[in-house]
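Numbering (the working numbering), first residue to last: 15 to 449.
Don't be surprised by glycine CBs; every beta carbon is placed ideally from N, CA and C.
As the structure is a prediction and not an experimental result, all values here were calculated from the model.
Written below as C-alpha cells is the structure these notes are about.
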Ligand code: XLS
Ligand code: NI
Ligand code: NI
C-alpha cells in the first residue's frame, strides 16, 4: 500500500554548504563535534507522527488534500501501512527520535478495550521496527481533544466519567511509552480550559487537573518509568482560554500542586508567539526554574494569529533558542521535535522530505551559531558587565539589610545613580555576526 510512496528518494546525507541537492543536508552533519558533543546528540531531532502521517491536509474551509494511500481507510491494515510509511521517512532522514499520540497510530475501536487492542498491536509493530534500526521514542502522548467526548476537556471535564476515561487513556499511553523506552511523556492540555466562565467552575477544574497530574507522576513511579513528565504550555486554541497558558503560568500551577520537582516543560515556538512572548522568553522562564525539558520547534505565521505549525526557517530565531538551551547545559531527556506540518498544497513525498531536511539544516545552523556565541562569550560578558555593580560588597550587603539602612545611605548622599547604556543595538549587531 505504501511501498512506492517514497520510492526513488535516497537517504538524506550531509553534502556540505555548497550542495545544490534539495534533499541533502548542507549544515546538519550528525557526527560533527560541536562543544564536545556530536551534533545529533545536541539537537536530538524527532519527527511528529501526527502532522507528517495522520494529518490529511484539511482546513476549516476544505477537506483532505493529501489523500495518502494509508489514509484511504481507518482500519488496522491502514494503520500498519501508515507505520510502514513513517518508518520509511525515518530511514530517509536518519533522525534519532519520533513522537506519537495514541490516536495518530491506531484506529478508534467501538469500545475502550477495542481501541486498546488496536493500540497495543501497533505499539508491538513499532517495537519491531525500532529494534530493526528505527529511531527511538522521544515521547508519547494521549490525544484527549479530538473525540467529541473530550469537547469540555479531559481531566477538567465537568463529567467525572470523562476524567475516568482520560485517566485510563493516559495510563495506556504511559505503559506504551515505557514499553518502547520513551525518553519523556508529554501532556498538552488541548481542551483543559474553558469557552466561557458562565458555565465553568474554574477552581474545581484546576484542582482536578492538579490531582490528575499527580496521578500521572504516581503512576510513573509505580511502573518505574525513568523518563521525564512534560507539560506543554499554550494559551488558547482549541480552548478560548487554556489553563497551561505559558511557561510562567505552568510553573505556578506545578508549584501549587507540589509537582515542581517532578514535571518539566515542553516549550513550543508557535505557542510562545500565541501567548504574546518570544520563544527565547519562554525558554528562559522555564530555564530560570530548572524546568526546561524539551522543545517543539515549529513556528507560526506572524500575520495569521493562529497556531500554523510551520517548519522552522528563521536561523536567527532558532540560534537564540539554542543559545538559551545550551546555557542550561543542553538537553538531557528532551530534544527538538518538529511539531510541524506541510502546507496543504504540498502534496508530494518530496515536500515532506524537504520540509524535514530544511528544518534540520536551519536548526543545525542555529545550533552552530549559538555555540560560537557561547564560546566567544560576548553576550555573557556584556550581561556580567551590566550587573557588575552587584559584585561589590556594599551591594551584596544591601540585600541583607532593610529599608531604613538603605535610606540612610541614600539620604547621606552616598548613592547617586548614573544611568548607563543598555547597548541593545550593539548586542543585536553582535548576534548578527554569527547567524
Ligand atoms: C498543539 C500541540 C500538540 C502537542 C502534542 O498545538 O502542539 O501538537 O505538541 O499534543
Ligand atoms: Ni502546537
Ligand atoms: Ni506541540
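Does residue i come out as helix, strand or coil in the three-state DSSP assignment?
i, result
"residue 248", "coil"
"residue 136", "helix"
"residue 336", "helix"
"residue 420", "helix"
"residue 211", "helix"
"residue 164", "helix"
"residue 28", "strand"
Could you give the first and the last residue of the continuous alpha helix (DSSP H) run that contains residue i?
i, result
"residue 226", "216 to 237"
"residue 183", "174 to 193"
"residue 381", "363 to 390"
"residue 413", "407 to 413"
For residue i, which beta-bridge partners are listed by DSSP?
i, result
"residue 356", "Note: residue 356 sits in no beta bridge, so no partner."
"residue 243", "199 and 277"
"residue 154", "114 and 199"
"residue 425", "In the DSSP output, where bridge partners are listed per residue, residue 425 has none listed."
"residue 125", "Per DSSP, none; premise fails for residue 125."
"residue 350", "59 and 309"
Which residues mark the beginning and the end of the beta strand (DSSP E) in which residue i is found?
i, result
"residue 446", "Here residue 446 belongs to no beta strand (DSSP E); instead the alpha helix (DSSP H) covers 438 to 446."
"residue 491", "The structure shown does not extend to residue 491, since the chain is modelled only from 15 to 449, so the question has no answer here."
Check whether chain C comes within 9 Å of residue i, counting only Cβ atoms and requiring the distance to be less than that.
i, result
"residue 22", "The question asks about chain C, but that chain is absent: this structure has only one protein chain."
May I have all residues whose beta carbon comes closer than 5 Å to any heavy atom of ligand 3, sorted in chain order? 282, 310 and 353
Query - Completely contained alpha helix (DSSP H) runs for the region 39 to 109, where each covers 4 or more residues - result: 53 to 57 and 90 to 107
Give, in chain order, every unbroken run of the beta strand (DSSP E) that is at least 3 residues long and sits entirely within the region 261 to 330.
277 to 282 and 306 to 310
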